[in-house]
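The structure under discussion appears below in the form of structure tokens.
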Amino acid sequence: MALPRHPATLLRRAGRRLGAAATLLSLAVATAGLGAAPSTAAPATAASAPVPANLTAAGPFRDSFQQDPALDTDPLYGLNVGLDRRQNGVRTTSWTRVSGRWDTTAAPPPYYVQTSHPAQPNRMVFSLGVSAVMLGAPAVADQDGRFTVSTVVDPVVGDTASADWASIVLSRSHRATGYVTNSDVDLGFIVSSSGKLSLFHGGGGETPFWTGTVPAADKYAVSLTVSSGADRALALTVNGTVFPVTAPAGVNRWPSSAFLYLGAYLSDRNSVTTFGDGAGTGVNVSRIDASATAGAKPFVDTFDGSPAGGDHGLNDDLSARQPTVVSANYTAVSGVQGLAASPPAGSVRVNDPVAPNALSFPQGTAAVRLDKPATADLSGTYTVHARLTPAVGSTGGTDAASLLVSNGSGSTGAVDARDVALGLQVQAGGALTLYQGGRQLPLTVGSVTPASDTYDVSLALAAGTAGQATVTVNGTTVFAGPTPAALPRDGYVYLGSRRTTPGAVGTADDLRVTMLGGLDYYGYFDIMDPRDNIDHSPEVAPWTNMNNYIGQDLANPRYSGFLDYCAPASCVLDVYSVVTLKDAQGNITGPDPNAAANLAALRGRIGSNLDKISMIYLLDEPYYHGFTPDQVQTGADQVRTAFPDKPIAYTTDAYNLTRPVPRAADFVGFDHYCAGRGRLQQELATLQGALASPDQHLVLFPESFITGLDHPNGCENSTDAALAADNADYRAMAAQNPRIVYLQNFRWLDSKQPGTMPLTTARQQAIGKAVINATPAGPATGVGVYRPGDRTVSENSHNDTLLGVGPVAGLVTGPDDVVLTGHWNGPGTDTVAVYHRDTATFVLTDDNATPAATVRFGVTGDIPLVGDWSGRGRTTVGVYRPSDQNFYLSDDNATPTYTIKYGNPGWTPLVGNWSGTGTTTIGAYDPTTQMFYLRDSNTPGDADHRFKFGNPGDTPVKGDWDGTGIDTVGIYRSTDRSFYASANEGTVIPYAVVFGNPGDIPLTGNWG
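If you read the sequence shown in the numbering used here, its first letter stands for residue 1, the second for the next number, and so on.
Listed below in structure tokens is the structure:
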């Protein structure tokens, strides 16, 4: 594929119809020279600074279970009926039905758990075996580090001798099943009918870590107070008897936030368990987090209780310690200005014994990046909050902690770096400094008096040229107004520590963001088709966090119980059935004139399950169905009126991408099945250009099946393997564009799908699990240049922000020296090395400045190479010898591990992780034909991949341009200083950027 020589326009990267094959994507880029001062915008003209969102709302919760037994009817059985009448406290919170078992995640039928059954009024009733329910907001500790759960329970009604039991389970995970001995249980309590008491901690199997007894009784008043402090204490009270308990060995601290599960184990299906005394005492929680699960957008990380894994807990147990629908991972960075470098191992830890239930920096200056950006929603703003402790136990001195938002996806996390959009540094003694672009901004309050060693910090940013921000510390506004430069719509969050006192430990905790960009949600369109009303969500639950229920108007009581099974803010409700008119065949003929009233009635039927709804899906492809722009906008406005606090999703088709997008839509999507990545990227760019607001986010619809799989709307003339590859392309597109937040696969037909489409299903499972578990993946490759004139290296983030410029004059000794990049001591950030041609010597650095190793390998005239030749996790050296076309690759930086003859005279060697296995393998580029020949193994043989990419005179490069763990080729065009990346073997350009100045030499690497 020949590339355009002179790009002219900027492509903003970003149908239920079948499409043609992929077409060439011409990608043009904005220029970015080096060496100039950071660009600034005129001061913002917005009327006022943004008000920080309240992300830490919390308070008491009480469910009395008191309601009319007549409401205990099929299919809701009273579980979430009338919550506004029977609950009080900080907010109404629904219950979710879960399995309560050890052997399945599928919850039992709804009649297993009922509220206010006629035979047991004003109680929550469990029967027919094993089951459980989860409260939809986590219990959270107060300022003293404690929370209490209390209730009255009768394990087996009418029996005081049985071994059957009722349970109270506390788990950080909102995806637990509620069984008391499962590994995801932080604290499990059971009381048997005979008065036997047991406490369990996950992973301990069926053996409790504590047991006790009370006299048998017909009911047990239970109170459980959990301390997340250093005492590791529990206060268990049963029928007035107090049992002080200490956590078992291995538990540094009890979590400060945990979801509550109530459950029952009944061996006799005729037995009944009840919670509540029937007189108004149901279940009480001293404090719940009213923000974390209030909607689908927020992100919270408690940093609680994760075990110390290979990266010292930084990315362990993320989906458990993050109670929100959205999960995200982290990257440790240096926290120091300049070129990227990994901090020393152990510099960043989570739940370390020195600082339990917190993110800590025990070895000095360092920082972490949240690997998804904070993003503005339709309000045009976003808020970031964290609790910063500059030095544990100290309220004086200059040790400092920072919370910052960077323009760059690969920053070092230094608060005073030029890529910082807005960053606050707070010292242990309360002194404050606010930075933007390396410059200090004036504060209205320059310091706060420390009430403790910890500071509550919030940054609220109005994105774009509005350039307004508000900064608060411990509730005091220290800055409010315009900033000199524009603020990013997608800004990367960093937490950092700068130590000046030997031995001091800084921490950060309770990170909260109003919304994250990047791929946050994964699920299926039409998970419960109205033609059969079978809820397939349990089949896909292990790899989804948000599924779409189409046409479910809840008018038929028989099918209205599915919301009881939805986790908080996890179910999309498609309202087409109440906003459209249909003919006798069910075809949509236009908008329903009674839509507003219908939506209000639907809102009433949802009732107390409203917190289960993540978003309202307006209507699939309204323009395809003949709607006018005014009708589409009216429909969106009607939904907003009926559901003012719920995001709205709107989807169009590939043939109406330029038609007006409703202003009220938070999420905007389109589909064009079987079209290929190239065409999809073109169409996505078109749609982004038509958005009503730059703060609308994007949804894509990957294909799930081919035509003939019990459904006519599949991909024709395709295969399971092709659709699996297409799904990988959708994931790669989302990795390139942080505005793509949701992949909603087109339909899950039934449990047969894994058998009929095994490769596609396996790919979807892998993608989905990575999304909901926030599985760490390598960052997308950034570009850079070496400038021979002043012997400096400059690094640019993948999202086109200059990260740092560093001198390498101390390493470069002559004009023929070659600058290389790699991770020489193991996985992490790439740092520079220099190859001296005259002596065939590599000089490797860990800090981009100081030689860490000097390696002589090869002979004069060789071309230097670096890579991970055997997939061992670190970069070692190699050479290509043009005289005999041999690759000599070393695993020990001393002797050749592989000697491979490959290529022809005049070809340029190029190595990369072409197979995605983590092993760097050989390849070659023919500059006369612009053909690439790549091998998936370090062995002789024919090319596994061969294709044309680029124009004459281009320089070949390589990188993991999508952050998917697979290297692909690219080229650098010196005539216009442009990098062009390749995907799908040269048929698609997923990424392009202009960087550097004339005469620069291209570099690529992982800058963190």
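Cβ coordinates follow ideal geometry from the N, Cα and C atoms, glycine included.
Quiz item: On the three-state DSSP scale, how would you describe residue 620?
Solution: Your numbering for residue 620 matches position 620 in the sequence shown. DSSP places residue 620 in strand when its eight states are reduced to three.
Self-check item: Alpha-carbon to alpha-carbon, residue 778 and residue 505
Solution: Residue numbering aside, residue 505 sits at position 505 when the sequence shown is read from its first letter. Residue numbering aside, residue 778 sits at position 778 when the sequence shown is read from its first letter. The straight-line gap from Cα to Cα measures roughly 28 Å.
Practice problem: At 3 residues or longer, and completely inside the region 766-837: list those beta strand (DSSP E) runs for me, N to C. | Solution: 782-787, 792-796, 802-807, 818-822 and 831-836
Quiz prompt | residue 599 versus residue 523 - alpha carbon distance | solution = Your numbering for residue 599 matches position 599 in the sequence shown. Your numbering for residue 523 matches position 523 in the sequence shown. Computed Cα separation, rounded: 24 Å.
Quiz item: Helix, strand or coil for residue 876 per DSSP?
Solution: Residue numbering aside, residue 876 sits at position 876 when the sequence shown is read from its first letter. DSSP places residue 876 in strand when its eight states are reduced to three.
Quiz item: Per DSSP, residue 508 is paired with what?
Solution: Taking the sequence shown and counting its residues from 1, the one referred to as residue 508 is at position 508. BP columns for residue 508 point to 359 and 388.
Quiz item: Would residue 102 be called buried (16 or more neighbouring beta carbons within 10 Å of its own) or exposed?
Solution: Stepping through the sequence shown from its first residue, residue 102 is reached at position 102. Burial call: exposed.
Quiz item: Quick one: what's residue 291 bridged to in DSSP?
Solution: To locate residue 291, count along the sequence shown from 1; it is residue 291. Note: residue 291 sits in no beta bridge, so no partner.
Quiz prompt | Local Cβ density within 10 Å of residue 856, reported as buried at 16 or more and exposed below that | solution = Start at 1 with the first residue of the sequence shown, and residue 856 comes out as number 856. It counts as exposed.
Self-check item: Secondary structure of residue 907, DSSP reduced to three states
Solution: Counting from one through the sequence shown, the residue named residue 907 turns up at place 907. Three-state result, residue 907: coil.
Self-check item: Simplified DSSP state of residue 225, which is helix, strand or coil
Solution: Here residue 225 refers to the residue found at position 225 of the sequence shown. Strand at residue 225.
Quiz prompt | Start-end ranges of the beta strand (DSSP E) lying completely within the region 703-750, minimum 3 residues | solution = 740-746
Quiz prompt | Nearest to residue 659 (by Cα), restricted to the options 267, 690 and 894 | solution = The sequence position of residue 659 within the sequence shown is 659, counting from 1. Taking only the C-alpha atoms, the option nearest residue 659 is 690.
Practice problem: Kindly list the residues whose CB is nearer than 6 Å to the CB of residue 61, restricted to its own chain and excluding five residues on each side of it in sequence; keep chain order. | Solution: Taking the sequence shown and counting its residues from 1, one reaches residue 61 at position 61. Counting only Cβ-Cβ distances below 6 Å, and skipping sequence neighbours, we find 89, 285 and 288.
Self-check item: Where residue 509 falls, given that 16 or more other Cβ within 10 Å makes a residue buried
Solution: As a working note, residue 509 is residue 509 in the sequence shown. Residue 509 comes out buried.
Exercise. Please report the Cβ distance between residue 403 and residue 386, rounded to the nearest whole angstrom; I am assuming they are in contact, meaning their Cβ atoms lie under 8 Å.
Key: Against the sequence shown, residue 403 aligns to sequence position 403. Against the sequence shown, residue 386 aligns to sequence position 386. That belief holds up - the Cβ atoms of residue 403 and residue 386 are roughly 5 Å apart, short of 8 Å.
Self-check item: Close Cβ partners of residue 588 (< 6 Å) along its chain, the five nearest in sequence each way excluded
Solution: By 1-based counting over the sequence shown, the position of residue 588 is 588. Result list for residue 588: 580, 582 and 625, in chain order.
Exercise. Inspect the beta-carbon positions of residue 220 and residue 156 and report whether they are closer than 8 Å.
Key: Reading the sequence shown from its first residue, position 220 is the one you call residue 220. Reading the sequence shown from its first residue, position 156 is the one you call residue 156. Cβ distance not < 8 Å, so residue 220 and residue 156 don't count as in contact.
Quiz item: Buried or exposed: where does residue 737 fall if 16 or more other Cβ atoms within 10 Å of its Cβ makes it buried?
Solution: Sequence index remark: in the sequence shown, residue 737 carries index 737 (1-based). Under this definition residue 737 is a buried residue.
Practice problem: Going by DSSP, name the residue or residues bridged to residue 48. | Solution: Taking the sequence shown and counting its residues from 1, one reaches residue 48 at position 48. Residue 48 pairs with nothing; no bridge assigned.
Quiz item: Quick one: what's got a C-beta closer than 8 Å to residue 810's C-beta in the same chain, skipping five residues either side?
Solution: Locating residue 810 in the sequence shown gives position 810, counting from the first residue. Excluding sequence neighbours, residue 810 sits near 849.
Quiz item: Does the beta-carbon of residue 194 have 16 or more other beta-carbons within 10 angstroms, so that it is buried, or is it exposed?
Solution: Indexing the sequence shown from 1 puts residue 194 at position 194. That one is buried.
Quiz item: Among the residues of its own chain, which have a CB less than 8 Å from the CB of residue 136, if the five just before and after it don't count?
Solution: The residue given as residue 136 occupies position 136 in the sequence shown. Contacts found: 93, 94, 95, 96, 293, 567, 568, 611 and 612.
Quiz item: To the nearest whole angstrom, what separates the beta carbons of residue 796 and residue 783, a pair I think is in contact under 8 Å?
Solution: The sequence position of residue 796 within the sequence shown is 796, counting from 1. The sequence position of residue 783 within the sequence shown is 783, counting from 1. Sure, about 5 Å apart at Cβ, within 8 Å.
Self-check item: Stretch-stretch touch, CB-based, cutoff 8 Å, three pairs: the region 399-415 with the region 446-464
Solution: yes
Quiz item: From 173, 190, 112 and 145, pick the residue whose C-alpha is nearest to that of residue 163; which is it?
Solution: Position 163 of the sequence shown holds residue 163. Selected option, being the one with the closest Cα: 190.
Quiz item: Is it the case that the Cβ atoms of residue 448 and residue 474 are separated by a distance below 8 Å?
Solution: As a first step, residue 448 is located in the sequence shown; it is residue number 448 there, counting from the start. As a first step, residue 474 is located in the sequence shown; it is residue number 474 there, counting from the start. Against a cut-off of 8 Å, the Cβ pair of residue 474 and residue 448 comes out as a contact.
Quiz item: How many angstroms separate the CA atom of residue 729 from the CA atom of residue 290?
Solution: In the sequence shown, the residue the question calls residue 729 occupies position 729. In the sequence shown, the residue the question calls residue 290 occupies position 290. Roughly 37 Å between the two C-alpha positions.
Practice problem: Tell me whether residue 218 sits in a helix, a strand or coil according to DSSP, three-state version. | Solution: Translated into positions along the sequence shown, residue 218 becomes position 218. Reduced to three states, the DSSP call for residue 218 is coil.
Quiz prompt | Whole runs of the alpha helix (DSSP H) within the region 582-670, excluding any shorter than 4 residues | solution = 595-606 and 629-642
Practice problem: Would you decide whether residue 838 is buried or exposed? Buried here means 16 or more other CB atoms lie within 10 Å of its CB. | Solution: Locating residue 838 in the sequence shown gives position 838, counting from the first residue. Looking at its Cβ environment, which holds fewer than 16 other Cβ atoms inside 10 Å, residue 838 is exposed.
Quiz item: Going straight from the alpha carbon of residue 65 to that of residue 594, what length do you get?
Solution: Position 65 of the sequence shown, counted from the first residue, corresponds to residue 65. Position 594 of the sequence shown, counted from the first residue, corresponds to residue 594. Those two C-alpha atoms are separated by around 36 Å.
Quiz item: How long is the line joining the alpha carbons of residue 376 and residue 55, rounded to whole angstroms?
Solution: Locating residue 376 in the sequence shown gives position 376, counting from the first residue. Locating residue 55 in the sequence shown gives position 55, counting from the first residue. Straight-line Cα distance between these residues: approximately 15 Å.
Quiz item: By Cβ distance below 6 Å, which residues in the same chain neighbour residue 686 in space, the five residues on each side in sequence not counted?
Solution: Reading the sequence shown from its first residue, position 686 is the one you call residue 686. Contacts found: 657.
Quiz item: Of the residues 485, 572, 844 and 543, which one's Cα is nearest the Cα of residue 1010?
Solution: Because the chain in this structure spans residues 1 to 1008, residue 1010 falls outside the shown range and cannot be described.
Exercise. Flag this pair as yes or no: are the beta carbons of residue 312 and residue 259 separated by less than 8 Å?
Key: Counting from one through the sequence shown, the residue named residue 312 turns up at place 312. Counting from one through the sequence shown, the residue named residue 259 turns up at place 259. Against a cut-off of 8 Å, the Cβ pair of residue 259 and residue 312 comes out as no contact.
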